[in-house]
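Working notes, structure below.
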Amino acid sequence: MAQDPSFKDVSLPLFPGSGEASSPPLSSGYLPSYIKDHRARLRDRFMKGGAAAMPDYELLELVLFRSIPRRDVKPVARQLLDRFGDFNRVVSASPERLAAVKGIGDAVITDLKVLEAAAHRMARARVMQRQVISSWDALLDYCHTTMTHLETEQFRILFLDRKNVLIADEEQARGTVDHVPVYPREVAKRALEINASALILVHNHPSGDPTPSDSDLSMTTQVQAALSALGITLHDHLIIGKSTELSFRAQGYL
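Below is the structure:
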């Protein structure tokens, strides 16, 4: 059948990276009143009640307002939460995994990674240049913020001066889902380079269970021996799980 010359193609464009049509495009800066009202209500509720007044999907919507300014973001927020589970896991998901979600482009990924970096930096600021003993809870919060949702093991070292003030925090290695390589001589060498008097080792278990493995115990013993020969104290080794952590010192391993 011949097409009517007055017919105009009004088919909907696809979400970037999507293989199916999504909600109607909101071009030229125009937003339907129901979306404008919804965004205004969420922003107002957040400013009056804070994050505690909002479930994860609404908090995520607030973040996505900036990334996707001309589209209804509620379906996107729901899809991200369905894929990753909660707000923290969405923000900490790798760019590659985020990009695999339909409708998620570079703008969303960039904003989520900026948000994650800001959270890490704020948590770090609460513990740097402070005595570990007086800021222990903040230190644990920082470790959980930066490591709980990692998909592979990461090994970090917290370097302390003679007054137990945290003077440096460095990632030393990344490994697989259940192993990270650690070299005791390199740990001791780095401690000497920055004139540290004591160390706290930290690594995560992506499985969520902070119970130390035999290799964790063996590695800790080797690091302690290398440090002791140089007069450097190993205060603790923390293993970060999903909802809790294990302290070698508290469990009697050190």
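Using the UniProt record's numbering, the letters of the sequence shown map in sequence onto residues 1 to 254. Each residue gets a CB set at the ideal place from its N, CA and C atoms; glycine is no exception. Keep in mind it's a predicted model, so treat the numbers as computed, not measured.
Between the alpha carbons of P206 and D72 lies a distance of about 34 Å. A direct Cα-Cα distance of roughly 44 Å separates D178 from H38. DSSP lists I239 as the bridge partner or partners of L246. For the pair N204 and I240, the CB atoms are nearer than the 7 Å cut-off.
Per the coordinates, the alpha-carbon of A119 lies some 18 Å from the alpha-carbon of S243.
By the C-beta density criterion, Y34 is exposed, having fewer than 16 other C-beta atoms within 10 angstroms. Excluding five sequence positions before and after L64, the CB atoms of its chain that fall closer than 7 Å to its own CB belong to V73, V76, A77 and V108, given in chain order.
Membership of R156 in the beta strand (DSSP E) is indicated by the continuous run Q154 to L160. Beta bridge pairing from DSSP links Q131 with V165. The C-beta of M219 has 16 or more other C-beta atoms within 10 Å across all chains shown, which makes the residue buried. Beta-carbon to beta-carbon, L80 and V101 are separated by about 6 Å, close enough to satisfy the 8 Å threshold. Taking C-beta atoms under 8 Å as the contact rule, F46 and L60 fail to qualify, at a distance of about 12 Å.
For N195, the secondary structure class from DSSP, reduced to helix, strand or coil, is coil. Counting the other CB atoms within 10 Å of its CB gives M147 a total of 16 or more, which places it among the buried residues. Three or more pairs of CB atoms, one per stretch, sit closer than 8 Å, so the region 125-134 contacts the region 160-170.
Of the candidates D141, R174, S228 and L160, R174 places its Cα closest to the Cα of Q154. Excluding five sequence positions before and after D56, the CB atoms of its chain that fall closer than 7 Å to its own CB belong to L81, D86 and F87, given in chain order.
Cβ neighbours of D161 within its own chain (closer than 6 Å, five residues either side excluded): I167 and S197. For R124, the secondary structure class from DSSP, reduced to helix, strand or coil, is helix.
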